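Worksheet for the structure shown next.
Protein chains: 2
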Amino acid sequence: MTDDRFRGVITPILTPYNDDASISKELYLYHAASCLAGGAHYLSPFGTTGEALSNSIRERMEALEALIDSGSARPDQLMPGTGLCSLEDTLTLCRHAVEMGCAAVMTLPPFFYVTAGDDGMYRYFSQLIEGVGSGALKICLYNIPQNTGIGISPALAGRLNKAFPDTVVAYKDSSGNWGNTQAVIEAAPGISVFPGSESFMLQAMKLGGGGCISASCNSNVTAIRKMYDLAAAGNWDAAEAALAPINAHRQAIQAGGLIPALKSLKAHQSGDHRWLNLRAPLDNADPDAYAPLTATLPAA
Amino acid sequence: MTDDRFRGVITPILTPYNDDASISKELYLYHAASCLAGGAHYLSPFGTTGEALSNSIRERMEALEALIDSGSARPDQLMPGTGLCSLEDTLTLCRHAVEMGCAAVMTLPPFFYVTAGDDGMYRYFSQLIEGVGSGALKICLYNIPQNTGIGISPALAGRLNKAFPDTVVAYKDSSGNWGNTQAVIEAAPGISVFPGSESFMLQAMKLGGGGCISASCNSNVTAIRKMYDLAAAGNWDAAEAALAPINAHRQAIQAGGLIPALKSLKAHQSGDHRWLNLRAPLDNADPDAYAPLTATLPAA
Numbered sequence: 001m002t003d004d005r006f007r008g009v010i011t012p013i014l015t016p017y018n019d020d021a022s023i024s025k026e027l028y029l030y031h032a033a034s035c036l037a038g039g040a041h042y043l044s045p046f047g048t049t050g051e052a053l054s055n056s057i058r059e060r061m062e063a064l065e066a067l068i069d070s071g072s073a074r075p076d077q078l079m080p081g082t083g084l085c086s087l088e089d090t091l092t093l094c095r096h097a098v099e100m101g102c103a104a105v106m107t108l109p110p111f112f113y114v115t116a117g118d119d120g121m122y123r124y125f126s127q128l129i130e131g132v133g134s135g136a137l138k139i140c141l142y143n144i145p146q147n148t149g150i151g152i153s154p155a156l157a158g159r160l161n162k163a164f165p166d167t168v169v170a171y172k173d174s175s176g177n178w179g180n181t182q183a184v185i186e187a188a189p190g191i192s193v194f195p196g197s198e199s200f201m202l203q204a205m206k207l208g209g210g211g212c213i214s215a216s217c218n219s220n221v222t223a224i225r226k227m228y229d230l231a232a233a234g235n236w237d238a239a240e241a242a243l244a245p246i247n248a249h250r251q252a253i254q255a256g257g258l259i260p261a262l263k264s265l266k267a268h269q270s271g272d273h274r275w276l277n278l279r280a281p282l283d284n285a286d287p288d289a290y291a292p293l294t295a296t297l298p299a300a
Numbered sequence: 001m002t003d004d005r006f007r008g009v010i011t012p013i014l015t016p017y018n019d020d021a022s023i024s025k026e027l028y029l030y031h032a033a034s035c036l037a038g039g040a041h042y043l044s045p046f047g048t049t050g051e052a053l054s055n056s057i058r059e060r061m062e063a064l065e066a067l068i069d070s071g072s073a074r075p076d077q078l079m080p081g082t083g084l085c086s087l088e089d090t091l092t093l094c095r096h097a098v099e100m101g102c103a104a105v106m107t108l109p110p111f112f113y114v115t116a117g118d119d120g121m122y123r124y125f126s127q128l129i130e131g132v133g134s135g136a137l138k139i140c141l142y143n144i145p146q147n148t149g150i151g152i153s154p155a156l157a158g159r160l161n162k163a164f165p166d167t168v169v170a171y172k173d174s175s176g177n178w179g180n181t182q183a184v185i186e187a188a189p190g191i192s193v194f195p196g197s198e199s200f201m202l203q204a205m206k207l208g209g210g211g212c213i214s215a216s217c218n219s220n221v222t223a224i225r226k227m228y229d230l231a232a233a234g235n236w237d238a239a240e241a242a243l244a245p246i247n248a249h250r251q252a253i254q255a256g257g258l259i260p261a262l263k264s265l266k267a268h269q270s271g272d273h274r275w276l277n278l279r280a281p282l283d284n285a286d287p288d289a290y291a292p293l294t295a296t297l298p299a300a
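The listed protein sequences derive, respectively, from chains A and B. Mapping to full-length UniProt numbering: the first sequence position 150 is 150, numbers consecutive. Mapping to full-length UniProt numbering: the second sequence position 196 is 196, numbers consecutive.
Okay, here's the thing in structure tokens:
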């Protein structure tokens, strides 16, 4: 583990909203700092769990600046989501992240023209990389076809890594399809692959994968980090022994629909009802939905 | 036809690009004016055919201003696409269109959180309407689930029209599903429904539908307008007699993948190779793809 690949446990942080639907900076910064203190190596502001696409370009840039300016996170701990549908809008977010000194960006494929092929996707990412034009740009390709309607194939990931080995360095696989995760690790050996769930983290790490970028790192990061450290030290048996309770919590989050379940838990833990707010088109969280999550968390 | 509902033949205009991928204002303005001269009642800049989602917020606003400032189209002839995923970004485009005096806006549902329900979608559109806060806002709901992964149900259209009868006034149905088109006409009698294809226009008009908003109006608007005028005058037999050659041209466009087929035809007709350019993630048009389209156009 002496190479300089991206590795670790990454929290795609929730975005809390005030009752007027504006971002609650207060809750946001506190939560970000807590995830890092709890053991996250990095934070990904504005992933799917952070309701990324329900926030404007302006809001996303301002929130990133607030994280850094407040000292809640260092730039080299941040991998913000930057993927929009148009090249220029995506460029705006990527350039901003590079200017802020972020470790990397997590970038969706453009997700409206869902019949596009790998050649068109390759052209899009090439233009993006050339448009940013900075050696400081590090891209984590973000595969979540159940939301985008179009994925990033293993072959495309391999082709992009080969053409831009210092820039296209990671791949987040939120497909939930282990076969795809495995295929990317095989097709793109230069890329650090992060399953979107800690349930697949050990399997991925055994093949050289980077760790995980998982919604559960909003509520269970300390346990996930401990499991990661065991695995990174080659202590696979102990790491695998840690997995069952972590999976039970993950299943409770998934059964509750991920974001609303996590927000219900945060409202319960903090006593701040604003955590129940989600942005449209998603519905607000049920204040009572937290129970199966607390029941599956490790004792404090 | 003495009410003030939206009715007519609407061209979702193609967006031409220079070889450096910037919008070719020259080709764009000329094409817009040609569609109106050919018989379009309205233009929809930045629909799916106009590669809407591959253009940035800035580019879309500048192009709309260019159409109006150049005199290529009057504001009351324009119904730009304005739907993005975040409320604030969609508000930016909607407010701009209202400030420019546009007849209406054509608005997608937010299209990343594809499991959202009707309540969340209702909340999104309500917040959008309240956020613009202008009686001049007229919304055409834009249903194209094959691209967005989430549709606008007939029940939601009816509910929005009932709550905002002076604002939610139209529905573009690009699903290609006549059953859905019919269901919207039934569920939302206050809404003017436009199939996304002229092939369904007469059926829709017989039930009170508004006309069509169709990609084919980029290449065949004069014939479609003639058919519309016959139907609007109650001359149904003559209108239906006009449909077969119009459908043959439509089928040639669809077989060629819509946008690249239309751009190949425009390159051929104008002699300007820039029409062959599409933005990534779509591939450029084949220069020879025009042939089946010219073969199905009415003799000049």
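Note that the Cβ used here is the ideal one computed from N, Cα and C, for glycine as well. Note that this is a predicted model, so its numbers are computed, not measured.
Beta-carbon to beta-carbon, A/ALA73 and A/VAL98 are separated by about 16 Å, too far to satisfy the 8 Å threshold.
Contact between the segment 48 to 64 of chain A and the segment 244 to 251 of chain A is absent: fewer than 3 CB-CB pairs across the two stretches fall below 8 Å. Beta-bridge annotation (DSSP): B/MET106 is paired with B/GLY81, B/CYS140.
It is roughly 33 Å from the alpha-carbon of A/SER70 to the alpha-carbon of B/VAL132. Here B/PRO110 is near B/LEU84, since their CB atoms are less than 9 Å apart. Among the bridge pairs identified by DSSP, A/TYR171 is matched with A/LEU141, A/VAL193. Sixteen is the threshold: when 16 or more other Cβ atoms of the shown chains lie within 10 Å of the Cβ of A/ALA32, as they do, the residue is buried. Pairing B/TYR124 with A/ALA280 gives a Cβ-Cβ distance under 9 Å.
For A/CYS212, no alpha helix (DSSP H) encloses it; the enclosing beta strand (DSSP E) starts and ends at 211 to 213. When beta bridges are read from the DSSP output, A/THR11 appears opposite A/LEU43. Using a C-beta cut-off of 8 Å, the segment 196 to 212 of chain B makes contact with the segment 169 to 187 of chain B, since at least three inter-stretch Cβ pairs fall below that distance. At a cut-off of 9 Å, the C-beta of A/ALA73 has no neighbouring C-beta in chain B. Sixteen is the threshold: when 16 or more other Cβ atoms of the shown chains lie within 10 Å of the Cβ of B/HIS268, as they do, the residue is buried. Around the beta-carbon of A/SER219, 16 or more other beta-carbon atoms lie within 10 Å, marking it buried. For the segment 269 to 287 of chain B, the residues whose beta carbon sits under 8 Å from a beta carbon of chain A are, in order, ARG279, ALA280, PRO281, LEU282, ASP283.
Annotation: A/GLN251 has no Cβ neighbours in chain B at a cutoff of 8 Å; minimum Cβ distance is about 18 Å. A Cβ-Cβ distance of about 7 Å is found for the pair B/LEU278 and B/GLU51, placing them in contact under the 8 Å criterion. Residue environment for A/TRP236: exposed (fewer than 16 other C-beta atoms within 10 angstroms of its C-beta).
By the 16-neighbour rule on beta-carbons within 10 angstroms, B/PRO165 is exposed. At a C-beta separation below 7 Å, B/ASN55 has these neighbours in chain A: SER86. Contact check for A/LEU258 and A/ALA291: beta-carbon distance about 16 Å, past the 8 Å limit, so the pair fails to qualify. Rounded to the nearest angstrom, the gap between the Cα atoms of B/ALA188 and B/GLN182 is 10 Å. The beta carbon of B/ASP119 lies closer than 8 Å to none in the same chain, with the five residues before and after it left out. Taking B/VAL184 as the centre and dropping the five residues before and after it, the same chain places the C-beta of PRO154, ALA157, TYR171, VAL193 closer than 6 Å to its C-beta, in chain order. Only residues of its own chain outside the window of five on either side were considered, and among them GLY256, TRP275, LEU276, ALA285, ASP286, PRO287, ASP288, ALA289, TYR290, LEU293 have a CB closer than 8 Å to the CB of B/SER264, listed in chain order.
Listed in chain order, the positions of the segment 98 to 125 of chain A with a beta carbon within less than 9 Å of a beta carbon of chain B are LEU108, PRO109, PRO110, PHE111, PHE112, TYR113, VAL114, THR115, ALA116, GLY117, ASP119, GLY120, MET121, TYR122, ARG123, TYR124, PHE125. Rounded to the nearest angstrom, the gap between the Cα atoms of A/ALA21 and B/LEU297 is 51 Å. A/TYR17 has A/ILE23 as its beta-bridge partners, per DSSP.
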